[in-house]
Each structure stands twice: as C-alpha cells, then as structure tokens.
Amino acid sequence: MTDPAADTQRAGKERISPPEQRQPEPGLDSKMQPKADHGEHSYKGHDRLKGKRALITGGDSGIGAAVAIAFAREGADVALAYLPVETSDALTVAQVLEDAGVEVKHLPGDLRNRSYRDSLVDEAATALGGLDILVNNAGKQISVESLQDLSDEQVEATFDVNIFAMFALSRAALKVIGEGGSIINTTSIQAFDPSDHLMDYAATKGAISNFTKSLASQAAKQGVRVNAVAPGPIWTPLQPSDGQPIEALPEFGHDTWLGRAGQPVEVSPAYVFLASDEASYMVGSTVHVNGGKNQP
Ligand code: NAD
Ligand code: MG
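The numbering of the sequence shown is numbering that gives the first Met the number 0, which starts it at 0 and goes up by one.
Written out as structure tokens, the structure reads:
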C-alpha cells in the first residue's frame, strides 16, 4: 500500500506559487516543489473502464500519471510508456495502480527511436492481452525566447515526440484496437492561443488538434472513437524542466479565470469520460480543461 503520510507535501487544489527551480529535461515529479497531485489520495473510481486495457505514453508523471491512476481506479489494466530515466517516477505511479488491483506493465523507451515507437503498441497489446485505449500523451516543451535562438534540432525533436510519434502509434493502434475502443490525444491551449516563447511546441499542438479530427473521421469507420484533451496550465515536471522561463514559475497559471494552475488530477476525469462507453457519441471532439481562458 502507498503511505498517504509520505505524500503530504503534494499540492492540493489551492493556488500555488512554486519557488523558482530547474531540472534537466525530462523533469521528475519526485524533485518538484511542490509535487503535483495525481489523485493518489482523492480519485474515486466507479468501474467506468472495467476490463479495458490502456497504453498511456508519458504515464510516469504529470497528466499521464493522473490518467493512469484514474484509469486503474476505474478498473482498467494499464501499460505505462516513459523514458528510461523516469523509471523512479514510473515505479511510484505503478505502486498506486497495483494497489487498485489491476495489471500494470512497463514499456520504457524513447519515442524518437523508430524501432521502439513502431513496436510499442504491439508490445502493449501483447503484455495486456489486447488493447482498447491509446492515450497519446508524451510531450516535449522547451521555452525559447526568440526564433533566432530556436535551433532546427529542437524544432525537429519537438515535432518528433509530440506529433510524428502520434502517427506511428495511431497507425499501429488502429490495427489492434477493436470496435468500441478509443484514442485520446493530448493537445493544449497552445493549439489555440500560442505563446511566442513556445513557437515549436505550440505548432505541434495545432497539428495534433488538426490530426485528431482527420484521424477521428477515419477511425470512426471501424468503430474506434478519437478525441483530444486540451489542458491549460497544469503543474507537472514539464514546466520546471525549461517548459517555462524559470522566473515565470511562481506565477504559473495565475492568469487563468480561476487565478491558479491546475493539478493533473483535475485533468484526468476528461480522459476517463472520453475513454468510457458513456462517451459513445463523442468523436473528433476536444475537451478543454484550463481554469478559464479564451478558447474556441
Ligand atoms: P510530464 O513531463 O509529466 O509528461 C511528459 C512526458 O512525456 C514525460 O513524462 C515523458 O515520459 C514523455 N516524453 C517526453 N519526451 C519523450 C521521449 N523522447 N520519448 C518518450 N517519452 C517522452 O508533463 P505533462 O505536462 O503531464 O505532459 C503531458 C502532456 O500534456 C504533454 O503532451 C504536454 O504537451 C501536455 N500539456 C501539458 C500542459 C501543462 O501545463 N503541463 C498543458 C497542455 C498540454
Ligand atoms: Mg515524466
């Protein structure tokens, strides 16, 4: 069992002003101040995903970790994909999933590696005995103030992880996910309201939103629903690992209508809904979870 007392420093749903901090990319939840709230002690399941099998990329931390916990508490078996350097975060999350009594599989690797990303979906389906849900959630975000300092290498890496991998994973997923299954892509408010210091990242998110619609139209013909979630500012390791300028962290999310950043646990219910049979008429849609911001 996980020890609630060990996690008392996790943030709640109050307004936080994180101290200036920096980690090398990808950041670790275990090194964040404060740690993010993935719903470890609050998310209650209602069998909405009982018996389903899900692959979640970036499932070790942040939004992906909260989705993994919620899916497990809703009765789904889960395969977690993440970078090998994030194994410690993944093991912490996996313990919470195991406590929910579901199967948990670990499929670490780098989505920039072609052979890894081309085989990941099949590996997950083999490990879980089939696949019903793919959550395309892994992402890379590096803030760069000026286009003059934004290297082609960074642009390529951001597109590779954020959107090119989605093509490969979705192609494979449509071969193994049966009728009634679903794919959920993590886009962002940046797709609709881009920040100038996140030029490459925001462009990938615009692409993901567009890709979600054309993929949804194709997949619907085989009874697989494709949708997206567009989070606003959420407190995750992405932000203190150069996702934002360091000096912006204490005020992160304070410009939303709620005046605060969201926690991963506040985003995961949207994924549960989209993955569940209750969302049987949701196709090509985007659920916006952003604390109030101008949005389409
Ligand atoms: P996070 O750092 O917890 O998750 C991102 C994950 O992406 C990492 O844990 C890592 O496992 C994975 N990843 C990165 N590079 C990879 C690579 N080369 N190979 C394999 N995996 C790789 O941060 P998060 O904020 O939870 O991010 C999850 C998703 O949410 C991302 O797509 C991000 O763009 C999106 N998002 C985040 C916010 C926010 O404010 N945090 C807002 C909108 C959208
Ligand atoms: Mg991580």
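Cβ atoms here follow ideal geometry from the backbone N, Cα and C, with glycine treated the same way.
Computed from a predicted structure; not experimentally measured.
Can you grab the Cα-Cα spacing for the pair residue i / residue j, in whole Å?
{"i": "Met198", "j": "Thr157", "result": "10 Å"}
{"i": "Val223", "j": "Gly180", "result": "5 Å"}
{"i": "Lys104", "j": "Ser187", "result": "27 Å"}
{"i": "Tyr280", "j": "Gly74", "result": "22 Å"}
{"i": "Met0", "j": "Ser150", "result": "Confidence at Met0 is low in this model, with a pLDDT of 41, below 50, so its placement is unreliable and no value can be given for it."}
{"i": "Phe191", "j": "Lys204", "result": "9 Å"}
{"i": "Ser29", "j": "Ile68", "result": "16 Å"}
{"i": "Ala65", "j": "Glu152", "result": "31 Å"}
{"i": "Ala5", "j": "Asn289", "result": "With a pLDDT of only 46 at Ala5, under the threshold of 50, the placement of this residue in the model should not be trusted; the figure read from the coordinates follows. Distance between the alpha carbons of Ala5 and Asn289 is about 29 Å."}
{"i": "Ser284", "j": "Gln22", "result": "34 Å"}
{"i": "Gly100", "j": "Val286", "result": "29 Å"}
{"i": "Asp2", "j": "Phe70", "result": "At Asp2, the pLDDT of 45 sits below 50, so the modelled position is not reliable and the matter cannot be decided from this model."}
{"i": "Glu277", "j": "Tyr270", "result": "12 Å"}
{"i": "Ala260", "j": "Asp36", "result": "12 Å"}
{"i": "Glu13", "j": "Gly258", "result": "10 Å"}
{"i": "Asp46", "j": "Leu146", "result": "47 Å"}
{"i": "Val282", "j": "Met165", "result": "17 Å"}
{"i": "Ala219", "j": "Gln32", "result": "42 Å"}
{"i": "Pro83", "j": "Ser267", "result": "23 Å"}
{"i": "Arg72", "j": "Pro25", "result": "27 Å"}
{"i": "Gly38", "j": "Val95", "result": "10 Å"}
{"i": "Gly50", "j": "Ser275", "result": "11 Å"}
{"i": "Ala202", "j": "Pro193", "result": "8 Å"}
{"i": "His40", "j": "Thr91", "result": "14 Å"}
{"i": "Tyr42", "j": "Ala93", "result": "15 Å"}
{"i": "Ala210", "j": "Ile15", "result": "According to the sequence displayed, residue 210 carries Phe and not Ala. Taking the straight line from one Cα to the other gives about 34 Å."}
{"i": "Ser142", "j": "Leu119", "result": "29 Å"}
{"i": "Glu265", "j": "Asp148", "result": "34 Å"}
{"i": "Lys34", "j": "Gln217", "result": "39 Å"}
{"i": "Thr7", "j": "Phe272", "result": "Bear in mind that a pLDDT of 45 at Thr7, under 50, signals an unreliable position, so the model cannot answer this."}
{"i": "Gln189", "j": "Trp234", "result": "15 Å"}
{"i": "Tyr115", "j": "His253", "result": "38 Å"}
One question on the structure: do residue i and residue j come within less than 7 Å of each other, judged by their Cβ atoms?
{"i": "Ile207", "j": "Ile245", "result": "no"}
{"i": "Gly177", "j": "Arg52", "result": "no"}
{"i": "Gly61", "j": "Ile55", "result": "no"}
{"i": "Val228", "j": "Leu214", "result": "no"}
{"i": "Glu97", "j": "Asp59", "result": "no"}
{"i": "Leu248", "j": "Pro17", "result": "yes"}
{"i": "Phe251", "j": "Pro263", "result": "no"}
{"i": "Lys292", "j": "Thr255", "result": "yes"}
{"i": "Leu127", "j": "Ala78", "result": "yes"}
{"i": "Asp88", "j": "Leu27", "result": "yes"}
{"i": "Gln20", "j": "Pro230", "result": "no"}
{"i": "Glu155", "j": "His196", "result": "no"}
{"i": "Ala172", "j": "Leu133", "result": "yes"}
{"i": "Ser169", "j": "Ile183", "result": "no"}
{"i": "Gln299", "j": "Tyr200", "result": "Residue 299 is absent from the model: the chain starts at 0 and stops at 295."}
{"i": "Gly57", "j": "Asn136", "result": "yes"}
Give the C-beta separation of residue i and residue j to the nearest angstrom, bearing in mind that I take them to be a contact with Cβ-Cβ under 8 Å.
{"i": "Gly138", "j": "Thr185", "result": "6 Å"}
{"i": "Val160", "j": "Arg113", "result": "Between Arg113 and Val160 the Cβ distance is about 13 Å, and since that is not below 8 Å, they are no contact."}
{"i": "Asp117", "j": "Val175", "result": "Incorrect: roughly 13 Å between the Cβ atoms, too far for contact."}
{"i": "Ala80", "j": "Leu106", "result": "5 Å"}
{"i": "Asp131", "j": "Glu102", "result": "So it is not a contact: roughly 13 Å between Cβ atoms."}
Every unbroken alpha helix (DSSP H) within the segment 118-197, with a cutoff of 4 residues, ordered by chain: Entirely contained in the segment 118-197, the alpha helix (DSSP H) runs reaching 4 residues are, in chain order, 151-158, 164-175.
Extract the residue ranges of the alpha helix (DSSP H) inside the segment 55-98, only unbroken runs of 4 or more that lie entirely within it. Those alpha helix (DSSP H) runs which fall completely within the segment 55-98 and span 4+ residues are 61-72, 86-98.
Can you list the beta strand (DSSP E) stretches of 3 or more residues lying completely in the segment 200-243, in chain order? Those beta strand (DSSP E) runs which fall completely within the segment 200-243 and span 3+ residues are 224-230.
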